[in-house]
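Here the UniProt record's numbering is used: the first residue of the sequence shown is 1, the next is one more, and so on. Single-structure report; data block below.
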Amino acid sequence: MLNSEVSKIKHLMNWLIFLIVPTGICFLLFFFNDRKTVEVTKETEGTSVELLAEQKEEKEAGATIIDVPLENQNEGNPPLENGCEITALSMLLNYYGYETNKNKLAEQLNYVPLYEDESQDIHGNPHDGFVGNIYGGYDAMGVAVEPIAAVAEDYVEGNHSVVSSSSTDFSELAAIVQAGTPVWVVTTVDFQVPTANDFQTWQTTSGEVTVSPLCHAVVVTGVDSQHVYVNDPYGYKNRIVDRSEFEEIFQAMGNESLYIETND
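In structure tokens:
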């Protein structure tokens with residue numbers, strides 16, 4: 001009888017050991033794993049805080065950005081797939097409280113055909129109006145600053161005046177932006193530095209003009225020693241571009257600029 005009881009106790013103890021040992025191991029694994037997770041989380045949080053602090057410090061130490069409202073040329077009804085120049089002007093006008101949009105302005109823009117005389121290879125002149133189809137397709141070559149300035153003149157009033165140029169140095173424009181005035185400029189698609197192969201010489205009814213299919217217009221919202229910040233009509237607000245490259249592009253594309261001056 002006694003031997004039988006002892007046997008039962010031993011059997012019970014074996015079962016208890018069988019249950020307790022794995023349970024204890026699982027508990028220990030869970031504890032250390034949870035502790036490790038907490039440590040990693042704390043470490044990650046610390047890194048995030050450090051990164052946010054660095055970004056904040058960089059922003060505070062960098063350029064003052066002008067809050068120009070963004071407008072996307074590829075949105076709306078209808079979108080203006082080739083209308084970067086007029087979209088950039090719309091952003092500029094809205095910044096000064098002139099309620100309009102790219103489509104309204106596009107209706108007021110002057111247009112010239114891609115070819116004035118295709119048989120003689122005589123093209124439309126972008127200095128006279130938008131060349132081709134502003135709504136889409138490849139039959140277009142954009143518009144220079146003069147027709148854009150003409151549309152702006154129809155809007156600005158009171159103590160505002162339009163200042164446009166094809167000769168102002170970027171350093172002058174940088175000072176204007178840093179003083180709080182956003183500037184419309186012609187640059188290139190995705191800020192590619194153009195080569196000689198990116199330009200074409202067109203014959204027009206008023207003489208030769210140089211054009212580029214890379215032409216693109218943006219609004220400069222900030223400038224510091226290293227970067228230029230722009231509202232890009234492709235839908236990017238305060239997009240950051242290397243300043244040295246931006247200056248090179250701006251000069252290659254003809255130094256075209258426009259801003260609205262506030263007169264006392």
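For each residue, glycine too, the CB sits at the ideal point set by N, CA and C.
Taking the C-alpha atoms as reference points, what is the distance between GLU146 and ASP128?
When rounded, the distance between both Cα atoms is 7 Å.
With a threshold of 16 other CB atoms inside 10 Å of the CB of ASP155, please say whether the residue is buried or exposed.
Note that residue 155 corresponds to Tyr in the displayed sequence, not to Asp. Counting Cβ neighbours within 10 Å, TYR155 comes out buried, since at least 16 surround it.
From ASN231 to SER161, what does the alpha carbon distance come to, in whole angstroms?
The straight-line gap from Cα to Cα measures roughly 22 Å.
Within 10 angstroms of the Cβ of ALA175, are there 16 or more other Cβ atoms? Answer buried if so, exposed if not.
Classification for ALA175: exposed.
Roughly how many angstroms lie between the CA atoms of ASP139 and GLN251, to the nearest whole one?
Distance between the alpha carbons of ASP139 and GLN251: 25 Å.
Return the first residue and the last residue of the beta strand (DSSP E) that GLN200 is part of.
200 to 204 is the extent of the beta strand (DSSP E) around GLN200.
On the DSSP letters alone, give me the boundaries of the beta strand (DSSP E) that ILE240 sits inside.
Counting along the chain, the beta strand (DSSP E) containing ILE240 begins and ends at 236 to 242.
Within 10 angstroms of the Cβ of ALA196, are there 16 or more other Cβ atoms? Answer buried if so, exposed if not.
Exposed, because fewer than 16 other Cβ atoms sit within 10 Å of the Cβ of ALA196.
Could you tell me if SER166 is buried or exposed, where buried requires 16 or more neighbouring beta carbons within 10 angstroms of its beta carbon?
SER166 comes out exposed.
Excluding sequence positions up to five away, which residues of its chain have a Cβ less than 7 Å from the Cβ of THR47?
Any reading at THR47 must be qualified, since the residue scores a pLDDT of 34, below 50, and its modelled position is unreliable; the value itself is stated next. Excluding residues within five positions, none has a Cβ falling inside 7 Å.
Rounded to whole angstroms, what is the Cα-Cα separation between PRO194 and GLU153?
Each residue's Cα considered, the two are about 31 Å apart.
Where does GLU157 sit, in a helix, a strand or coil, going by DSSP?
Three-state result, GLU157: coil.
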